[in-house]
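Throughout, our numbering is defined as the position within the sequence shown, counted from one, plus 37.
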Amino acid sequence: MSNPETLSLYDTLTRSYKEFPPQDSPARTNPDEPISYYTCGPTVYDSAHIGNFRAYIFEDQVVRALEYLGWKVKQVMNITDVDDKTIKGANPTGADNEPRILRERLDAYTAPYIEAFFADIDKLNIRRAAVYPRATRTIGAMVLLVGRLIEKGFAYRGEDGSWYFPIRQFPGYGWLSGLDLEQVSVGARVDSDEYDKLDARDFVLWKTRRPGEPSWDPTEYDAASPLPPGRPGWHLECSAMSGRHLGETLDMHSGGHDNIFPHHENEIAQSEAANGTTFVRHWLHCGYLLVENQKMSKSLGNFFTLQNLLDRGHEALAVRLLLLSTHYRKPLNFTFDGLRGAEANLKRLREFLRRLEREEASAPVAPDEELGLGGTGAGPLLSKLKDDFAAALRDDLNISKALAAVFELVGTLNRLLDGGGVRREEIAAARKTLLGFDEVLGLRLGENAGKATIEPAWVEERLAARQQARRERDFARADALRDELAAAGVVVEDTPEGPRWHVE
Ligand code: AMP
Ligand code: ZN
């Protein structure tokens, strides 16, 4: 596509639909320039649950939709491998120890969760981001960022040596989350990574070393750094990692709704105060995955990991379809009925593709003068559905409308095929259209369709027709039926007792 079309996307900061990519994005003027997209990644203190995967699948949809519409995207997703939760998990007793040993212990603790995260995203067919920076491997950028904040008067030292961000000094503080700064108690500070809006305070940028906690020596990265040995605050990590890999201004940044406050509010404050320029041109946030109307979360204990669902016999791609079928900004209540519904839809799509493959192999080829589409009206229908699908994506990623186009393709083509006379070119075009839609849905339809099980009744019907054709000495028809079966992977053996068949 030479001229990709823009989208209308909801922006959390301005609370309005905005054209995306924005006019001032380099991607608008230079076709080789990718959209810069930062996505907050997993905190690797435990296995991710499917609520987390709702956020990652939504972000994967954003990338896939932008690429489908012709844009290039550079996605960066961080791995939070040092924060309050990972430290607690790695060293629950907090016994004092060597900084190097504590860092190694932290690495050993997070390693299996990082591995599990990548295994899960592969099963869910979430495409890999361009880079997955790890906080513990980006400490230098964090030290330099606090250095710039100190220089510009946006950081101060507390009594214990930790450094804080004075939120009242940053004029835009609270804009993203709609926080009323009048309600904030002046001078109060917060050391923990997570806290809610009612507790808004000056937040920690760099925590001084505490017994039993892994720490880094800032002077190893900046000889003049006034920071004590210690570790970064969670919010600082994302400001530093996004800057390192995508520059000072990003086209887009996203996360789940719970990231808005304090995490993203604090990221804006740090990055804009340090760089003096806009941090993010467009903010996107997805709604929660709920269980019985409560947010799925580790702390409430109402969660399922992907493995929990696989152990119950469910399929990862059906979980993917379930999580993407609700508009990204709406809450989605997880139920097993919903999951079974997604399984039925996935089956329907696979069976449809299998039918197209089968019938394509046996359908008549149009005579030369009629080559091309139009025999049964499938051609114009396919163009309309492709337009509908792209228009749905451009309309704030309207997944309901996009899926409606997909299932209209299934319903209408099935009816046309039942009626007969659909040409091979039309079937091939329908198959390509469906696989094109699947570039965005990511259901691996192409990979699974050929391997799907063969319906015995369908085989028996063709075998009976072939026997009949032979009795009538219509060998051309008999051979065509045998080829059709072979194309579907069915091998026929003629025995004295009649034909026998098996799937290759
Ligand atoms: P965490 O590992 O807690 O930092 O979360 C990783 C991502 O998952 C963040 O973008 C969160 O906003 C998102 N997230 C966590 N719980 C849910 C949920 N129940 N529904 C949707 N997104 C969630
Ligand atoms: Zn983040």
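Beta carbons are placed, not taken as given, at the ideal position from N, Cα and C, and that holds for glycine.
Whole-number beta carbon distance between residue j and residue i, since they are thought to touch under 8 Å
i, j, result
"arginine 392", "leucine 472", "With 8 Å as the limit, arginine 392 and leucine 472 do not qualify as a contact, their Cβ atoms being about 14 Å apart."
"tyrosine 258", "valine 180", "4 Å"
"aspartate 217", "valine 227", "The Cβ separation is near 17 Å, so there is no contact."
"valine 241", "tyrosine 210", "Wrong, their Cβ atoms sit about 15 Å apart, outside the cutoff."
"proline 536", "valine 528", "Between valine 528 and proline 536 the Cβ distance is about 10 Å, and since that is not below 8 Å, they are no contact."
"asparagine 115", "glutamate 219", "Incorrect: roughly 33 Å between the Cβ atoms, too far for contact."
"proline 136", "proline 251", "6 Å"
"isoleucine 436", "leucine 361", "6 Å"
"threonine 175", "arginine 281", "6 Å"
Close-in-space but distant-in-sequence residues of the same chain around residue i (CB under 8 Å, 5 per side omitted)
i, result
"histidine 351", "Leu376 and Glu380"
"aspartate 405", "Confidence in aspartate 405 is poor, its pLDDT being 42 and thus under 50, which makes the residue's placement unreliable; the coordinate value appears in the next sentence. If we look at aspartate 405 and ignore the five residues flanking it on each side, it has no Cβ neighbours."
"valine 221", "Ile204, Arg205, Ala237 and Arg238"
"aspartate 144", "Asp118 and Thr173"
Sequence-distant residues of its chain with Cβ nearer than 6 Å to residue i (five each side left out)
i, result
"threonine 147", "Val81, Asp118 and Thr123"
"glycine 411", "Note on glycine 411: pLDDT 47, under 50, position unreliable in the model; the coordinate value appears next. There are no such residues."
"tyrosine 150", "Val81"
"lysine 438", "Ala429"
"valine 100", "Val110 and Gln112"
"glycine 131", "Gly249"
"glutamate 407", "Note that glutamate 407 has pLDDT 49, beneath the 50 cutoff, so the model's placement of it is unreliable and the number below is only indicative. Here the set comprises nothing."
"phenylalanine 14", "The displayed coordinates of the chain run from 38 to 541. Any statement about residue 14 would go beyond what the structure contains."
Cβ-based burial, residue i [other Cβ within 10 Å; buried from 16]
i, result
"glutamine 307", "buried"
"glutamate 509", "exposed"
"glycine 313", "exposed"
"proline 68", "exposed"
"glycine 475", "The sequence shown places aspartate at residue 475, not glycine. Aspartate 475 comes out buried."
"valine 9", "Look at the range of the chain in this structure, 38 to 541, and you will see that residue 9 is not part of it."
"arginine 395", "buried"
"valine 356", "buried"
"tyrosine 93", "buried"
"serine 336", "exposed"
"arginine 165", "exposed"
"alanine 400", "buried"
"glycine 487", "For glycine 487, the predicted structure reports a pLDDT of 47, less than 50, and the residue's modelled location is therefore unreliable. The matter cannot be settled from this model."
"phenylalanine 444", "exposed"
"glycine 447", "According to the sequence as given, residue 447 is valine; it is not glycine. With 16 or more other Cβ atoms within 10 Å, it is buried."
"isoleucine 244", "Note that residue 244 corresponds to lysine in the displayed sequence, not to isoleucine. The residue is buried, with at least 16 neighbouring Cβ atoms inside 10 Å."
"methionine 539", "According to the sequence displayed, residue 539 carries histidine and not methionine. Exposed is the call here."
Close Cβ partners of residue i (< 7 Å) along its chain, the five nearest in sequence each way excluded
i, result
"aspartate 230", "Asp120, Asp121, Gly270 and Trp271"
"asparagine 128", "Leu139, Arg142 and Gly249"
"proline 41", "Leu106, Gly107 and Trp108"
"threonine 449", "Leu418"
"serine 442", "The sequence as given places alanine at residue 442; serine does not occur at that position. Cβ neighbours of alanine 442 beyond the five flanking positions: Leu422, Asp425, Phe426 and Ala429."
Distance cut-off 7 Å: residue i Cβ against heavy atoms of the ligand ATP
i, result
"threonine 80", "By its list of ligands, the structure shown excludes the ligand ATP, since it contains just the ligand AMP and the ligand ZN."
Contact with chain C by residue i, beta-carbon distance below 8 Å
i, result
"aspartate 433", "Although the question refers to chain C, the structure presented lacks it and comprises just one protein chain."
In chain order, what residues place their C-beta within less than 5 Å of a heavy atom belonging to the ligand ZN?
Cys77 and Cys275
Are the stretch 189 to 197 and the stretch 285 to 294 in contact at 8 Å, needing three or more beta carbon pairs?
no
Is the stretch 72 to 92 close to the stretch 455 to 474, with three or more CB pairs under 8 Å?
no
Would you say the stretch 324 to 341 touches the stretch 85 to 92, given that touching needs at least three Cβ pairs under 8 Å?
yes
Does the pairing of the stretch 291 to 307 with the stretch 337 to 347 give three or more beta-carbon distances under 8 Å?
no
Contact between the stretch 214 to 234 and the stretch 292 to 303: three or more CB pairs below 8 Å?
yes
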